[in-house]
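Colleague: Following my numbering, the numbering of the sequence shown begins with 1 at its first residue and continues without gaps.
In this text, a Cβ means the ideal position worked out from N, Cα and C, and glycines have one as well.
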Amino acid sequence: MMKGFLTRLSKVLASDSSEGSDKNAKAAEETTQPPVVPDKVANTKKKKAPKEEKKVSKTQVDPSLQPICFFFEAHQPNRLKPYSFFDIGNDPFYEDDELNQKLLDEVCEVSYLPANKMMTELIKEGKGQFRISLSVSGVLLEQLELNRPDVLKSFQDLHATGGVEIVAETYYHSMGFHRSKEEFKEQVEKQLEKIKEVFGVRPKAFRHTACVYYNELAAFVESMGFESMLGEAVGWILHGREANRLYRSPNCTTLKAHLRNGILSDDVAFRFGNHAWPQHPLTAEKFATWCQTNGGEVVNLFMDYECIGKHQDKDTGIFEFFRAFPAAWEKLGGRFVTVSESAAELEVAGEYDCHEPTSWADTEKDLSPWKGNAMQEEARRKILIIEKQVKSKNNPELLHQWRKMQTAEHFYFMSTKGGESGKVHERLRPYPSAYEAYLYFMNALSDLQIRLDEE
Numbered sequence: 001m002m003k004g005f006l007t008r009l010s011k012v013l014a015s016d017s018s019e020g021s022d023k024n025a026k027a028a029e030e031t032t033q034p035p036v037v038p039d040k041v042a043n044t045k046k047k048k049a050p051k052e053e054k055k056v057s058k059t060q061v062d063p064s065l066q067p068i069c070f071f072f073e074a075h076q077p078n079r080l081k082p083y084s085f086f087d088i089g090n091d092p093f094y095e096d097d098e099l100n101q102k103l104l105d106e107v108c109e110v111s112y113l114p115a116n117k118m119m120t121e122l123i124k125e126g127k128g129q130f131r132i133s134l135s136v137s138g139v140l141l142e143q144l145e146l147n148r149p150d151v152l153k154s155f156q157d158l159h160a161t162g163g164v165e166i167v168a169e170t171y172y173h174s175m176g177f178h179r180s181k182e183e184f185k186e187q188v189e190k191q192l193e194k195i196k197e198v199f200g201v202r203p204k205a206f207r208h209t210a211c212v213y214y215n216e217l218a219a220f221v222e223s224m225g226f227e228s229m230l231g232e233a234v235g236w237i238l239h240g241r242e243a244n245r246l247y248r249s250p251n252c253t254t255l256k257a258h259l260r261n262g263i264l265s266d267d268v269a270f271r272f273g274n275h276a277w278p279q280h281p282l283t284a285e286k287f288a289t290w291c292q293t294n295g296g297e298v299v300n301l302f303m304d305y306e307c308i309g310k311h312q313d314k315d316t317g318i319f320e321f322f323r324a325f326p327a328a329w330e331k332l333g334g335r336f337v338t339v340s341e342s343a344a345e346l347e348v349a350g351e352y353d354c355h356e357p358t359s360w361a362d363t364e365k366d367l368s369p370w371k372g373n374a375m376q377e378e379a380r381r382k383i384l385i386i387e388k389q390v391k392s393k394n395n396p397e398l399l400h401q402w403r404k405m406q407t408a409e410h411f412y413f414m415s416t417k418g419g420e421s422g423k424v425h426e427r428l429r430p431y432p433s434a435y436e437a438y439l440y441f442m443n444a445l446s447d448l449q450i451r452l453d454e455e
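1. Where does G231 fall in DSSP's three states?
2. Sorted by chain position, which residues of the same chain lie with C-beta nearer than 7 Å to E454's C-beta, five sequence neighbours on each side aside?
3. In whole angstroms, what is the alpha-carbon distance linking N443 and K102?
4. Anyone know if the C-beta pair for R373 and T416 falls short of 7 Å?
5. Which residue marks the beginning of the beta strand (DSSP E) containing R260, and which one marks its end?
6. Just curious, the alpha helix (DSSP H) that V151 is in, first and last residue?
7. Measuring alpha carbon to alpha carbon, tell me which residue in R202, F321 and K185 is nearest L192.
8. State the Cα-Cα distance for the pair G273 and L428, rounded to the nearest angstrom.
9. If you count every other CB in all the chains shown that lies within 10 Å of the CB of E222, and 16 or more means buried, which is it?
10. Run through DSSP, which three-state label would L282 get?
11. Give me the Cα-Cα distance between R380 and G200, rounded to the nearest whole angstrom.
12. Can you look up Y247 in the DSSP assignment and give me helix, strand or coil?
13. I believe L113 touches S154 by the beta-carbon criterion, under 8 Å. Please report the beta-carbon distance rounded to the nearest angstrom.
14. Which one of E378, S368, L448 and E436 has the shortest CA to CA distance from R403?
15. Can you tell me where the alpha helix (DSSP H) with S135 in it begins and where it stops?
16. Applying the 10 Å Cβ sphere with the 16-neighbour rule, what's the burial state of P35?
17. Is it right to say T209 is buried, meaning 16 or more other beta carbons lie within 10 angstroms of its own, or is it exposed?
18. Going by the DSSP bridge assignment, what does S69 pair with across the sheet?
19. Compute the beta-carbon to beta-carbon distance between P485 and L122, rounded to the nearest angstrom, for a pair I have assumed lies under 8 Å.
20. In chain order, which continuous runs of the alpha helix (DSSP H) of length 4 or greater are located wholly inside the stretch 401-444?
21. Any idea what DSSP makes of Q312, helix, strand or coil?
22. Taking the alpha-carbon positions, what's the A434 to F287 distance?
23. Could you give the DSSP three-state label for A168: helix, strand or coil?
Right, dumping it as structure tokens:
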């Protein structure tokens, strides 16, 4: 079995590695609620966390059974409208509300609602043995509160089963840690407040946008009180070691690194519905066997939640696959854990010494999808250089708008990459070209600067 998996792995690395393109951007394209809240500041009125339903009591399982850790990310970017030079100083609304609402409704109907229903049923049917981890960005929570409260409730009901761990991230799904640690911390704290308000919990695990991970960031996340952090398993850092174990940055003393198994995760998230893929169709039984023969102590399967129903639509059989997988995995002697359960059970296998930022994006597994050309660098520099000015105004609306413009997809849309990764960028981009993405962003930023100067 292992020989067969290694053969398949080599083929995937040769022909399919580009399919690990930015999942956040994929969420952008398919997910239904892209951007963040329209140009209004999100409701500031605090809501009480919903009353939890009676949770499913987890049946005792043998800890020696091999665990799988499913993590799903739900997020929608804030797409800008075609904002021209002549709009500067005349139009304070930058977002394409009509497109954003259309995409939000679409992803809610084809992905979030049916996926939440399915996951809720699987947890209850499995008497708590089936478990997942989930992050929902602050900007998506805002969109759901304002436009789809029915879907927000379905997320709350799913969490109330007791089979879901909520994982933290930055509120605005941004990428600014290395430029402003203060802003990064404020966005994480804002997300923690939102999670407490919506779900009534304080997460122990953290996952940065696109699973960005490196030593300096891990140490900072540890200093904020988190016990676990998700990252991508990168071969040149593992140096032949297994990805399916827990590691620790040399900068940390307690924070555990949970590394994503990219090949197996992308088999489901990207290759599942591809009829040209030699392994198509992927059945629950076949995939369970791959997971079993992959070695290690825990198989981390991290992916966009939108892969269920959106990236892989219902006609691919994705819902039937997930409904069948828990039984197929348990039949082989496997079980399921959340991120924090995995951290509590497993010891650190060694150091994961990651000096430069890595991510789950594109073939390079770095930050090049967001900072690979001069347009991206200029846009990133200018949005963050006005941080002190924005915060000095004590204007919640301007602060919220400035932060929404830090959402990672804005810079992803400006990418000019070629090859397979470039094709994905082009497909996800809601504008004719990377130049238009840059132009609309910079024009909107110029208007924001005028509003700041007039305060």
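Modeller: This is what the structure gives:
1. As a first step, residue 231 must be located in the sequence shown, where it is residue number 231. Residue state, collapsed to three classes: strand.
2. For this step, residue 454 is matched to residue 454 along the sequence shown. Same-chain partners within the cutoff: there are none.
3. Position 443 of the sequence shown, counted from the start, is the residue given in the question as residue 443. Position 102 of the sequence shown, counted from the start, is the residue given in the question as residue 102. If you take the alpha carbons of N443 and K102, they lie about 24 Å apart.
4. Along the sequence shown, read from residue 1 onward, the residue named residue 373 stands at position 373. Along the sequence shown, read from residue 1 onward, the residue named residue 416 stands at position 416. Going by the sequence as given, residue 373 is Asn instead of Arg. Yes; because the gap between Cβ atoms is below 7 Å, this pair is in contact.
5. Sequence index remark: in the sequence shown, residue 260 carries index 260 (1-based). From DSSP, the beta strand (DSSP E) with R260 extends over K256 to R260.
6. Looking up residue 151 in the sequence shown gives position 151. P149 to H159 is the extent of the alpha helix (DSSP H) around V151.
7. Numbered from its first residue, the sequence shown carries residue 192 at position 192. The shortest C-alpha separation from L192 is found at R202.
8. The sequence position of residue 273 within the sequence shown is 273, counting from 1. The sequence position of residue 428 within the sequence shown is 428, counting from 1. Taking the straight line joining both Cα atoms gives about 18 Å.
9. In the sequence shown, the residue the question calls residue 222 occupies position 222. Result: buried.
10. Here residue 282 refers to the residue found at position 282 of the sequence shown. It is coil, neither helix nor strand.
11. Here residue 380 refers to the residue found at position 380 of the sequence shown. Here residue 200 refers to the residue found at position 200 of the sequence shown. Whole-angstrom Cα-Cα distance: 34 Å.
12. The count along the sequence shown starts at 1 and reaches residue 247 at position 247. Y247 falls in the strand class under three-state DSSP.
13. Within the sequence shown, numbered from 1, the residue matching residue 113 stands at position 113. Within the sequence shown, numbered from 1, the residue matching residue 154 stands at position 154. Yes, they are in contact, since the Cβ atoms of L113 and S154 sit about 6 Å apart, within 8 Å.
14. To locate residue 403, count along the sequence shown from 1; it is residue 403. It is L448.
15. Taking the sequence shown and counting its residues from 1, the one referred to as residue 135 is at position 135. No alpha helix (DSSP H) contains S135, which is instead part of the beta strand (DSSP E) from I132 to V136.
16. Numbered from its first residue, the sequence shown carries residue 35 at position 35. Model confidence at P35 stands at a pLDDT of 31, short of 50, so the residue's coordinates are unreliable; what they give is reported in the following sentence. Buried.
17. Locating residue 209 in the sequence shown gives position 209, where the first residue counts as 1. Per the 10 Å Cβ criterion, buried.
18. For the purposes of this step, residue 69 is taken as the residue at position 69 of the sequence shown. Checking the displayed sequence, the identity of residue 69 turns out to be Cys instead of Ser. According to DSSP, which records beta bridges pairwise, C69 is partnered with N300.
19. Any question about residue 485 goes unanswered here, given that the chain covers just 1 to 455.
20. 408-412 and 419-428
21. Along the sequence shown, one-based indexing puts residue 312 at 312. Looking at Q312 - three-state DSSP - the assignment turns out to be strand.
22. Numbered from 1 along the sequence shown, position 434 holds the residue referred to as residue 434. Numbered from 1 along the sequence shown, position 287 holds the residue referred to as residue 287. Distance between the alpha carbons of A434 and F287 is about 37 Å.
23. As a working note, residue 168 is residue 168 in the sequence shown. Note: A168 maps to strand in three-state DSSP.
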